[in-house]
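Protein chains in written order, with the numbering used here: chain A, 34 to 176; chain B, 475 to 617.
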């Protein structure tokens, strides 16, 4: 009975995680389920998110809108960005010991940048690399 | 005595890992210490490496010189290009179940792209986002 109650409580707290107004990122605490950023902190986070995404998109002349989805985990034992592998879009998280706008914005920059390289683009570029590589071999073979 | 011998053997096998001619990447097997690619496979890998870097550089002219350094791990349980970019340090590996030139090229493209995100660039973009965010708040406060 206690297990069921605990599971329901966990599910409810996960469902109630604080989320940005556009739903791009969620915020939770590593230890305290009831943790929330203040509204001014959330406002700051949303503003930083928008700016960081716009800058990365602008500097790489990307036509696609850059909007990484991730979770901010506050109360971790270190500041860190968990970006997973480029072809493994899992567990995108920004870890921070306590709320820190500078750490947050660095995390957004890293995740936004990585979103620029889509799976399609990897395939396109690597196909070109393979073609060029084959061409190089052919030329060498002529010697 | 056996422990010392084992340690020496382990160090020797690591230092003898197969390395590309320009030292950009090394190859090891997840389980077999004495594994190495054939010389034709190694030539193919080196050629693909150069082509993939050139393709990414061409696609993103602001990238500058790209020479990702990484380890190829053959005999992994899945195909994956892995990087853990914490903003402080980064560990790069290409995991392959078995040698596969296409997946290797995919991995090099991913890692070359990732190399564009230097700590300096993260810092610059982060600062710009913070400054723009401050400016936005300032403008809002004027209303």
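Note that beta-carbon positions come from the ideal geometry of N, C-alpha and C, so glycine has one too.
| Query | Result |
| --- | --- |
| Helix, strand or coil at residue 493 of chain B according to DSSP, with G and I counted as helix | strand |
| Buried or exposed by the 16-neighbour rule on C-beta atoms within 10 Å, applied to residue 139 of chain A | buried |
| Coarse secondary structure for residue 99 of chain A, derived from DSSP in three states | coil |
| Under 8 Å (Cβ pairs) to chain D, residues found in the stretch 520 to 542 of chain B | This model lacks chain D altogether, as its protein chains are A and B. |
| Same chain only: Cβ atoms within 6 Å of residue 545 of chain B, ignoring 5 sequence neighbours per side | 500 and 567 |
| Simplified DSSP assignment, three categories, for residue 156 of chain A | helix |
| Within-9 Å CB hit, residue 105 of chain A to chain B | no |
| Cβ-based contacts, 9 Å cut-off: residues of the stretch 139 to 151 of chain A near chain B | 139, 140, 141, 142, 143, 145, 146, 147, 149 and 150 |
| The stretch 573 to 585 of chain B touching the stretch 141 to 161 of chain A, judged by at least three CB pairs closer than 8 Å | yes |
| CA-to-CA distance, residue 513 of chain B to residue 539 of chain B, given in whole angstroms | 27 Å |
| Euclidean distance between Cα positions of residue 509 of chain B and residue 132 of chain A | 47 Å |
| Where residue 153 of chain A falls, given that 16 or more other Cβ within 10 Å makes a residue buried | exposed |
| Rounded Cβ spacing between residue 599 of chain B and residue 85 of chain A (contact assumed at less than 8 Å) | 7 Å |
| Short CB-CB distance (under 9 Å) between residue 573 of chain B and chain A | no |
| C-alpha gap between residue 601 of chain B and residue 505 of chain B, whole angstroms | 44 Å |
| Between the CA atoms of residue 71 of chain A and residue 548 of chain B - distance to the nearest angstrom | 48 Å |
| CB contact below 9 Å: residue 583 of chain B versus chain A | yes |
| Proximity below 9 Å, CB of residue 78 of chain A to CB of residue 137 of chain A | yes |
| Identity of the residue in A/75, A/107, A/94 and A/80 nearest residue 62 of chain A by Cα | A/107 |
| Neighbourhood of residue 494 of chain B by C-beta distance below 6 Å, restricted to the same chain and skipping five residues each side | 520 |
| Distance, residue 51 of chain A Cα to residue 68 of chain A Cα | 9 Å |
| Residue-chain proximity (residue 66 of chain A, chain B), Cβ-Cβ < 9 Å | no |
| C-alpha gap between residue 583 of chain B and residue 83 of chain A, whole angstroms | 27 Å |
| DSSP state of residue 532 of chain B mapped onto helix, strand, coil | helix |
| Cβ of residue 77 of chain A within 9 Å of any chain B Cβ | yes |
| Reduced DSSP secondary structure (H/G/I, E/B, other) of residue 81 of chain A | helix |
| heavy atom of the ligand SAM below 8 Å from residue 577 of chain B C-beta | Questions concerning the ligand SAM fall outside what the structure shown contains, since it holds no ligand whatsoever. |
| Reduced DSSP secondary structure (H/G/I, E/B, other) of residue 120 of chain A | Caution is warranted here: a pLDDT of 44 is assigned to residue 120 of chain A, below 50, making its placement in the model unreliable, and no coordinate value can be reported. |
| Chain A contacts from the stretch 591 to 603 of chain B (Cβ-Cβ distance under 7 Å) | 591, 596, 599, 600, 602 and 603 |
| Contact under 9 Å by Cβ, residue 571 of chain B with residue 551 of chain B | yes |
| Proximity below 9 Å, CB of residue 97 of chain A to CB of residue 149 of chain A | yes |
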